[in-house]
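I have placed the structure first, in the form of structure tokens, so that the comments after it can refer back to it.
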Amino acid sequence: MPFKRLCHFNEKLQNDFPFIKKLKSTDDFNVQYTTYHVTFPVSHGGRSDINDHLKTQKHKLATMTSVQSGKVSNYFSALVPTESKTMKSHEWLRLKSDWRSQILIHCQDRRDLSKI
104 MPFKRLCHFN EKLQNDFPFI KKLKSTDDFN VQYTTYHVTF PVSHGGRSDI
154 NDHLKTQKHK LATMTSVQSG KVSNYFSALV PTESKTMKSH EWLRLKSDWR
204 SQILIHCQDR RDLSKI
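Going by my numbering, the sequence shown opens with residue 104, and the numbers climb by one from there.
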């Protein structure tokens, strides 16, 4: 029985499915879904392997949770306040130096200056 040729992830599949990328540049047989980083092979069926993955319950749940959850950066404020906010830059520097001095005192109390 002759050897079955393996399917490759080519540019046409890349254009049809822009949310799927090659796992490695040298590996044409395994791909990764970029939203939730699952890896699956396309060597057996090519396009049908991708369509089968899109129909799985795992894909549907992961897509639903990625849509519902926001970016992590939306939950945190900016690290450096801007001038338009109430805190001026010199106040920010003063708070930063106070914080560093508290760490220094804490490390001296523990006799461990290697943490600085």
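Ideal Cβ placement from N, Cα and C applies to all residues, glycine included.
DSSP three-state assignment for residue i, whether helix, strand or coil
i       : result
Val-170 : helix
His-111 : coil
Supposed contact pair residue j and residue i - C-beta distance, whole angstroms, cut 8 Å
i       : j       : result
Phe-120 : Ile-153 : 6 Å
Phe-112 : Val-134 : 5 Å
Bridge-paired residues (DSSP) for residue i
i       : result
Thr-145 : Position check: residue 145 holds Val in this sequence, whereas Thr was assumed. Beta-bridge pairing links Val-145 to no other residue.
Lys-127 : Asp-130
Gln-135 : Lys-124, Thr-142
Enclosing alpha helix (DSSP H) for residue i [first to last residue]
i       : result
Lys-115 : 114-119
Arg-150 : 150-157
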